[in-house]
Each structure stands twice: as C-alpha cells, then as structure tokens.
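Undergrad:
Here you go:
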C-alpha cells in the first residue's frame, strides 16, 4: 500500500488540530486567548507597529478581542490602526480598516466560510506594503516554525505583498504538531505566540 501523499497528510493533520482547538471549552478558549493577547502586548513587534492586521475569530480560533479592547481604551492619537482581511475572488485578500471594530455595526458582514468581514464602503483599504505587523491564525504549527493554514491559501498569497511587515502566528498549545508536511512554497514564520509564551525562530 503506497504511503499517503503530502496533501492527504496535511488534510488529516488540519482536521486533527482543528478538532483539538474546538474541544476546548468556551471558558478555556477565552482564558487562553487572553493569555496570548497579553503575550502579544509584550512583543517589540507589536509595540513599534502602527498598522496591524488582525482578524475576527471563527470556529475555535484564538480570539484577539482583548487587543481591540486595549487599543480602544487608549487616547485616539495613541491607537494603532487595526486592519482586517477581506477575502476576494481568486483566493485573494484585501486589508480593510473598518469604521468600527464592532461586528454588530454596518461596518461588517458575514463573509466567506462564515467569517465576519469588513464592508469596504464602511472603511478604507490599506496597501499591504503599509502594514507593520500581520497577526495570523492557523490550524497547526510545528517545531520548525512552519504554519498550516485552513487550506485556502489566502495568507500564503497575501504575506509576500507585505514587504515590511513582521509576521506573528497565534495558536493554542494544543495545535502544536511534531512535524507539518511542508510544501515547496511554505515559509517558516519568525514568531509564534501561544498561551505559554513567545517562540522565536533563531
């Protein structure tokens, strides 16, 4: 019997790790997410960034609401500009700075895969090359700092356009894998933040 191909292995690992994060209770996800956000706030990448790409969580992903709360509590002149991904055709992605981070407002809609997405007309587009920090979700990560996404390839296509941006992966420890079957186009991330701390690639 032939060995499973790389795509089959990646698909199985993605399913396993998504199941692991969804097995966390809502209370555990909230607690771990707040710990992750607290760790992000300690990083020099976040401290120096003026424009930060974050995301609205779905299906058990790390919740970044605490970052929004901290940012909105600052005087307006000291706040960072948060931009959010908007998925477009051909698996592309735009960065939008919405008028409001509250998904209950008309600045937001339910987009692809049920993910809340900013309404372009209720915000402004930000060029990828102007972004200082991208905080990315994942389905899994490993000891070599490889990222396994959700399978759509949106971030894989978007990140190369962010010429000056630092890239930071966020995940729960339960999403850690021993080894991700990497493809030729996969690039390790320099920084991973979990509830246990900050991991940096040497």
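In the working numbering, the protein residues as written are 6 to 207. Each residue gets a CB set at the ideal place from its N, CA and C atoms; glycine is no exception.
Below 8 Å on the Cβ atoms is my guess for residue 123 versus residue 115; work out the distance and round it to an integer in Å.
TA: Not really, about 12 Å apart at Cβ, beyond 8 Å.
Undergrad: Between 167, 33 and 63, which has its C-alpha nearest residue 178's C-alpha?
TA: For the residues 167, 33 and 63, the minimum Cα distance to residue 178 belongs to 33.
Undergrad: Give me, in chain order, the residues of the same chain whose beta-carbon lies closer than 7 Å to that of residue 128; leave out the 5 immediate sequence neighbours on both sides.
TA: The answer, listed in chain order, is 101, 102, 103, 104 and 112.
Undergrad: Can you tell me the Cβ-Cβ gap for residue 5 and residue 172, rounded? I've got them flagged as a contact below 8 Å.
TA: Here the chain has residues from 6 to 207 only, and residue 5 is not among them.
Undergrad: Locate the beta strand (DSSP E) running through residue 31, then write down its first and last residues.
TA: Premise fails: residue 31 lies in the alpha helix (DSSP H), 31 to 46, not in any beta strand (DSSP E).
Undergrad: Taking buried to mean at least 16 other C-beta atoms within 10 Å of its own C-beta, is residue 147 buried or exposed?
TA: Burial call: buried.
Undergrad: Taking 8 Å as the threshold (C-beta atoms), are residue 73 and residue 106 in contact?
TA: Yes, they are a contact pair.
Undergrad: What does the Cβ neighbour count give for residue 90, buried or exposed, with the cut at 16 atoms within 10 Å?
TA: By the neighbour-count rule (16 or more Cβ atoms within 10 Å), residue 90 is buried.
Undergrad: Within its chain, find whatever has a CB closer than 7 Å to the CB of residue 1; leave out the 5 residues flanking it on each side and keep chain order.
TA: Outside the displayed range of the chain (6 to 207) lies residue 1, so it cannot be described from this structure.
Undergrad: Reducing DSSP to helix, strand and coil, say where residue 79 ends up.
TA: Three-state DSSP puts residue 79 in coil, outside helix and strand.
Undergrad: Going by DSSP, which residues form a beta bridge with residue 173?
TA: For residue 173, which the question treats as bridged, DSSP gives the partners 140 and 196.
Undergrad: Using DSSP's beta-bridge definition, name the partner residues of residue 203.
TA: Paired residue(s): 198.
Undergrad: Which same chain residues, not among the five before or five after residue 27, have their C-beta less than 8 Å away from its C-beta?
TA: Excluding positions up to five away in sequence, the list reads 64 and 65.
Undergrad: Alpha carbons only, please: which of 194, 24 and 137 is nearest the one belonging to residue 169?
TA: Checked all of 194, 24 and 137; the closest Cα to residue 169 is 137.
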